[in-house]
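Visitor:
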Amino acid sequence: MRVTFFLSLLFLALTAGCSDAPQEESVLQQDYASLEKAARGTEVRWHMWGGSAQINQWVDTYVAGEMKRLYDINVVRVPMDAPVFVNKLLTEKAANKNTGTMDLLWINGENFKNSMQAGVLFGPFTDRLPNFAAWYDPQKAAHDFGYPVDGFEAPYGRAQFVFEFDTARTATPPADMAELAEWIKANPGRFTYPQPPDFTGSAFLRQIFYATTGGHEQYMDGINPELYAKNAPQTFAWLSDIKPYLWQEGRTYPKDAAALDTLFARGEIDMGMSYHPAHAQMKILEKTYPDTVRTFVLAEGAIFNTHFTAIPFNAPNKAGAMVLANFLMSPEAQLSKFRPENWGDLHALEVQKLDVAQREAFDAVDLGEATLDAGTLSAVAVPEIPSEYLELLERDWDKFILGH
Amino acid sequence: MRRNVILGLAPLLLPYCALFCAGLTLTLAQSMGLFLPLGPGEATLEYYQALTRDQGLGLSLRLSLFVAFFSAAGSVLGGTVLALALWRMPPGLRRVGVVSKIGLILPHVAVAFLVLLMLSQTGLVSSALFQLGLISTPEEFPNILHTGSGLGMILAFLLKGVPFALLLIGAVLFGFDIRLIQTARMLGAGPLRTFWSVTLPRLLPAMHSAFIILFLYAFGSFDIPFVLGESHPGMLSIRVFDIFFHRDLSQRPQAMAILTVMFVFAAVFAMLYNRFAAYMDAWRRKL
Amino acid sequence: MRHAPTMLVLAFLFLLPVLVLILQAGAPGWRYPELWPELGLDGVRFLATRPGPFLTALTGSLGYSLATVVLTLSMTILPAKALAYSSFRGKTLLEGLLLLPALVPAMTFSMGLHFIFIKIGLADTAPGVILVLSMISYPYMLRALTTGYTLMGREYEICARNLGASKWRVFLEVELPQLLPAMAAGGSVVFLVAFSEYFLVFLIGGGSVASFTGYLFPLITSSNRGLGALVTLVFLAVPIALFIVLELGLYRYHRKRRMR
């Protein structure tokens, strides 16, 4: 008797609860002013990577405070890695859960592509946002790792890959790939990179891929499996070559960028890396890094990307999420984010479109001794790869480097 | 079974079935390709067959068992020794044992964090040895956290496990009738013999419980391996987490199959271990 | 002193870590091979500038942990009595089965349960988190209460019933006072299990249920170790404060009863 009861309960559990009414699409028909009105007094749950106390603090203080003051919206930051919330969305979609719990996501790259392919994002919505129309170049935010954005993501910031070193320990950093390999071999145990698919580790992998296979241009037209099969072995040969000279002889890797930062901060390795050019400066201000730390780029190029915000298909408060996405694109928020004591993330807007006072405010931001100047960075800037390549690289890294 | 007994047990049996059994059933069903997020499929055992082909999985299993065994055995041993040492103290002084509660309260992540702070090659212990002039570079400090054998994780589990074992074993020991020992000593038994034939048998049940609980906890836990685990091989729980959250939905049955195997192992282990303990007990009594 | 080695071991295992945490909390940039870092109050200032999320996380954890204690207590109080006072066929097996949720890896059933919870709307809610935490922690409460009932024996209950007291009255005035120590012991363990759980709250709560472990976890794995250590210390202080309150409360309660 108990068994039948239990089975019927399970059956109930699996069939019930799919009765939520589909979200009406009227949010996209409304003009922005009425969206703002509708969002007043609501709560927006923003899911984002939570590994940096400084970024968290910026969201919790500046963003939450301004959103409350300007729009009477409560912003709740929820720390969660991007692959995890994408997975959660996929599960919810499959389970027909039409009212979710996430309102806004901080997302880009393969996570965006996977979400788009599974149809779990809401939009297109960026054309409804006044700040996007006013300050941004739609052309620059049209692709995310080669995947068309189509208005499903609002640009939020820009980042570029840099290496970090401590002048007290290393006099001159390597200038190009060959010198980097030399340096690694001359300083065994003092270099490593986060384990892909960590965001930063994966970016390092792409840096090497570009540098060892003759530049980024050939990859820009989408995935070409033959090209990949021809070129990838050179990348993995390079990585295998340096592996014995890595920290822990390459048997193990820091599991994410934060773990790498810790090793660098403690002095267990002599070189760090980050996908944020001002990251080192932020860490100096936070007193985690000594103030002798500086950054450098390699002559072969330094990948840059744009990162975005997006809204899940089942976000309970889409109006509020759009207001927040719009606010994050405002010159004020971009300026605040740009200051290294807050975060130091590069702004994604077009400075020429701003008025003089605003432009001067941006120019006046001191990114600090440790950050390279804009000229140096843009001279070596190379675009991100289509995310299909990225997935292949990460898969093959597992196969050829880890555990070999 | 009488009616009122069933009624009395109902408040527990209902949620037990609705949550625990239902959760397990779904894990099992999904491992066979049924009731998946992507829709109900056909029952299949292919995911279990895939498990047997996965060599990395064997390494993970070995690591999980290794870590679980040494952390549980070490904890029980350490807890027993500490309990005996405290027991020999005068009751007033015995209260210092209360500091062990710190280990109970600290969450597993925090303990892992402490191990990282103290024992990495540039950690505090290494710094202390450097200051004492015993080592001259961090590389000379033994590489505890990255041996590939889970030593760092074991140490973290010990820091949580020793106070737990101390709690269980101390509860028996401190409530122990001291006259029993005195009688044994009066009858001419030496201290070792008194321990062996009077004290230890009374402690064994608590030691066994502590061992089972700690072993299975370490076997399936997530927090400590997540912080201290190495890239290769990973603990079973981390593999499940990776498949569950970092791969696409089509691989989910794989994660569920590993979980099912872990459950069966844990349940069978608990049962066999109990049998074994009872058997050993009977055998020792005969001696 | 004979007992010095024991004291040393205890201090080394349990007090040294606290000292290290305190030092680290004051020194985010503690580097090799310094033994005594330069101390500052940056971490405290950092938290004090906007304590909102920190306090939300703390109250969230306290809330669902205490609710778990209450739920496990109400789930097990009758079954514990039934298990303590009656014998029936298969009792040992049943007892063994009832212990399983605390023994087997929690992942094994919670990942299946998560999908059911999504379907019935319990995923991402505090009730869902409380239910799943109760599942992994009730065996401790059950054990404590069963032992409590066994130690108490039935005599008082039978005697009071014979004197004409109602069931409720017997429970409130005879059983409850004697069971209090067992409840406190079981409750403390349940509280600790719930309060320090990270994975299940993360899985079932989905980030919507604020939790202290969820707040702590990214900090501990970040490179700002000062902040991680500081928040860990708070983590240590809260249960200790609660246990002191509990001990004092029990002590005063018993003294009052004795005075009556």
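Residue numbers (our numbering), protein chains in the order written: chain A, 13 to 416; chain B, -6 to 280; chain C, 3 to 262. The beta-carbon is built from N, C-alpha and C at its ideal position, and this holds for glycine as well.
Step through the CB atoms of chain B and report whether any lies within less than 9 Å of the CB of A:A418.
Guide: Past the edges of chain A, shown from 13 to 416, lies residue 418 of chain A, and the structure says nothing about it.
Visitor: Closer than 9 Å, CB to CB, is B:H225 near chain A or not?
Guide: Locating residue 225 of chain B in the second sequence gives position 232, where the first residue counts as 1. Cβ-Cβ to chain A under 9 Å: yes for B:H225.
Visitor: Can you check the segment 102 to 149 of chain A for any beta strand (DSSP E) of at least 3 residues that lies completely inside it and give the ranges in chain order?
Guide: Within the segment 102 to 149 of chain A, the beta strand (DSSP E) runs of at least 3 residues that lie entirely inside it are, in chain order, 116 to 119.
Visitor: Return the first residue and the last residue of the alpha helix (DSSP H) that B:R(-4) is part of.
Guide: Working through the second sequence from its first residue, we reach residue -4 of chain B at position 3. For B:R(-4), the enclosing alpha helix (DSSP H) starts and ends at -4 to 8.
Visitor: Who are the neighbours of A:G121 on chain B, taking C-beta pairs under 9 Å?
Guide: Taking the first residue of the first sequence as 1, we reach residue 121 of chain A at position 109. Correct list: empty, because the minimum Cβ distance to chain B is about 14 Å.
Visitor: Measuring alpha carbon to alpha carbon, tell me which residue in A:W195, A:Q346, A:W355 is nearest A:E362.
Guide: As a working note, residue 362 of chain A is residue 350 in the first sequence. Closest in C-alpha terms to A:E362, from the list A:W195, A:Q346, A:W355, comes A:Q346.
Visitor: Whole angstroms is fine: what's the gap from A:Q500's alpha carbon to A:F308's?
Guide: This structure cannot settle anything about residue 500 of chain A, because the visible part of chain A is limited to 13 through 416.
Visitor: Measure the alpha-carbon distance for A:F144 versus A:T318 and round it to whole angstroms.
Guide: By one-based count along the first sequence, residue 144 of chain A stands at place 132. By one-based count along the first sequence, residue 318 of chain A stands at place 306. Distance between the alpha carbons of A:F144 and A:T318: 14 Å.
Visitor: Which residue spans inside the segment 147 to 214 of chain A form an unbroken beta strand (DSSP E) run of at least 3?
Guide: Annotation: the segment 147 to 214 of chain A contains the following complete segments of the beta strand (DSSP E) (minimum length 3 residues), in chain order: 166 to 172, 174 to 178.
Visitor: Run through DSSP, which three-state label would A:E55 get?
Guide: The residue labelled residue 55 of chain A in the question sits at position 43 within the first sequence. DSSP places A:E55 in strand when its eight states are reduced to three.
Visitor: Within the segment 55 to 110 of chain B, note down every full alpha helix (DSSP H) run reaching 4 residues or more, in order along the chain.
Guide: 84 to 87, 94 to 98
Visitor: Evaluate the contact criterion for the segment 217 to 229 of chain B versus the segment 15 to 23 of chain B: three or more CB pairs, one atom per stretch, below 8 Å.
Guide: no
Visitor: Under the three-state reduction of DSSP, which class applies to B:M228: helix, strand or coil?
Guide: On the second sequence, residue 228 of chain B is found 235 positions in, with the first residue counted as 1. Here B:M228 sits in coil by DSSP.
Visitor: How many angstroms separate the CA atom of C:R145 from the CA atom of A:A106?
Guide: Your numbering for residue 145 of chain C matches position 143 in the third sequence. Your numbering for residue 106 of chain A matches position 94 in the first sequence. About 40 Å.
Visitor: With a threshold of 6 Å on Cβ separation, who are the neighbours of A:H228 within its own chain once the five nearest residues in sequence on each side are excluded?
Guide: Within the first sequence, residue 228 of chain A is the residue found at index 216, counting from 1. If we look at A:H228 and ignore the five residues flanking it on each side, its Cβ neighbours are Y222, V394.
Visitor: What does a CB cutoff of less than 7 Å around C:V203 pick up in its chain, not counting 5 residues either side in sequence?
Guide: Along the third sequence, read from residue 1 onward, the residue named residue 203 of chain C stands at position 201. The residues are V131, V211, S213, T215, G216.
Visitor: Pull up the DSSP beta-bridge partners for A:M285, would you.
Guide: Taking the first residue of the first sequence as position 1, residue 285 of chain A is located at position 273. BP columns for A:M285 point to A:F175.
Visitor: C:F111 touches chain B at which residues, Cβ-Cβ below 7 Å?
Guide: Residue numbering aside, residue 111 of chain C sits at position 109 when the third sequence is read from its first letter. Within chain B, the residues near C:F111 are F13, G16, L17, T20.
Visitor: Quick check for students: name the residue ranges of the alpha helix (DSSP H) that lie wholly in the segment 343 to 368 of chain A, counting only runs of 4 or more.
Guide: 343 to 350
Visitor: So is A:E280 in contact with chain B if we call contact Cβ pairs under 9 Å?
Guide: Position 268 of the first sequence, counted from the first residue, corresponds to residue 280 of chain A. Chain B, which has a Cβ nearer than 9 Å to the Cβ of A:E280, makes this yes.
Visitor: In chain A, which residues lie with their C-beta within 8 Å of the C-beta of C:F117?
Guide: As a position in the third sequence, residue 117 of chain C is number 115, starting the count at 1. Going along chain A in sequence order, the residues near C:F117 (Cβ under 8 Å) are T103, A107.
Visitor: CA-CA distance, B:G213 and B:R268?
Guide: Taking the first residue of the second sequence as 1, we reach residue 213 of chain B at position 220. Taking the first residue of the second sequence as 1, we reach residue 268 of chain B at position 275. Taking the straight line from one Cα to the other gives about 22 Å.
Visitor: In chain order, which beta strand (DSSP E) runs of at least 3 residues are fully inside the segment 132 to 179 of chain C?
Guide: none
Visitor: Checking 9 Å against the spacing of the C-beta atoms, do B:L110 and B:G145 come in under that value?
Guide: Residue mapping note: residue 110 of chain B aligns to position 117 of the second sequence, counting from 1. Residue mapping note: residue 145 of chain B aligns to position 152 of the second sequence, counting from 1. Not a contact, by the Cβ cut-off of 9 Å.
Visitor: In the structure shown, what three-state DSSP assignment does C:L41 receive?
Guide: Locating residue 41 of chain C in the third sequence gives position 39, where the first residue counts as 1. If DSSP states are grouped into helix, strand and coil, C:L41 belongs with coil.
Visitor: What residues from chain C crowd round B:M273, counting only those whose CB sits closer than 9 Å?
Guide: One-based indexing of the second sequence puts residue 273 of chain B at position 280. The contacting residues do not exist; B:M273 stays about 18 Å from chain C at best.
Visitor: Does any residue of chain B have a CB that is nearer than 9 Å to the CB of A:R181?
Guide: As a position in the first sequence, residue 181 of chain A is number 169, starting the count at 1. Output row for A:R181: interface = no.
Visitor: Do you know whose CA, among A:D149, A:R140, A:G234, A:P266, lies nearest A:G201's CA?
Guide: The count along the first sequence starts at 1 and reaches residue 201 of chain A at position 189. Comparing Cα positions, the closest option is A:P266.
Visitor: In whole angstroms, what is the alpha-carbon distance linking A:A183 and A:T304?
Guide: The residue given as residue 183 of chain A occupies position 171 in the first sequence. The residue given as residue 304 of chain A occupies position 292 in the first sequence. In a straight line, the C-alpha of A:A183 is about 11 Å away from that of A:T304.
Visitor: Quick check: the segment 165 to 183 of chain B against the segment 75 to 83 of chain C, are at least 3 beta-carbon pairs closer than 8 Å?
Guide: no
Visitor: Given that a residue counts as buried once 16 or more other Cβ atoms are within 10 Å of its Cβ, and exposed if not, what is B:K279?
Guide: The residue given as residue 279 of chain B occupies position 286 in the second sequence. So B:K279 ends up on the exposed side.
Visitor: Which residues does DSSP list as the beta-bridge partners of A:A322?
Guide: For the purposes of this step, residue 322 of chain A is taken as the residue at position 310 of the first sequence. Paired residues: A:L117.
Visitor: Just confirm the distance between the C-beta atoms of C:Y200 and B:P30, as a whole number of angstroms; I'd bet it's less than 8 Å.
Guide: On the third sequence, position 198 is the one that residue 200 of chain C refers to. On the second sequence, position 37 is the one that residue 30 of chain B refers to. Contact doesn't hold; Cβ gap of about 24 Å is too wide.
Visitor: Taking 9 Å as the CB-CB limit, is C:Y217 close to chain A?
Guide: In the third sequence, counting from the first residue as 1, residue 217 of chain C sits at position 215. Judged by the 9 Å Cβ criterion, C:Y217 is in contact with chain A.
Visitor: Flag C:P127 as yes if its beta-carbon sits less than 9 Å from any beta-carbon of chain B, otherwise no.
Guide: The residue you call residue 127 of chain C lines up with position 125 of the third sequence. It should be noted that the sequence gives Thr, not Pro, for residue 127 of chain C. No, C:T127 does not count as interfacial toward chain B.
Visitor: Starting from the N-terminal side, write out each stretch of the alpha helix (DSSP H) that is 4 residues or longer and does not extend beyond the segment 117 to 165 of chain B.
Guide: 117 to 124
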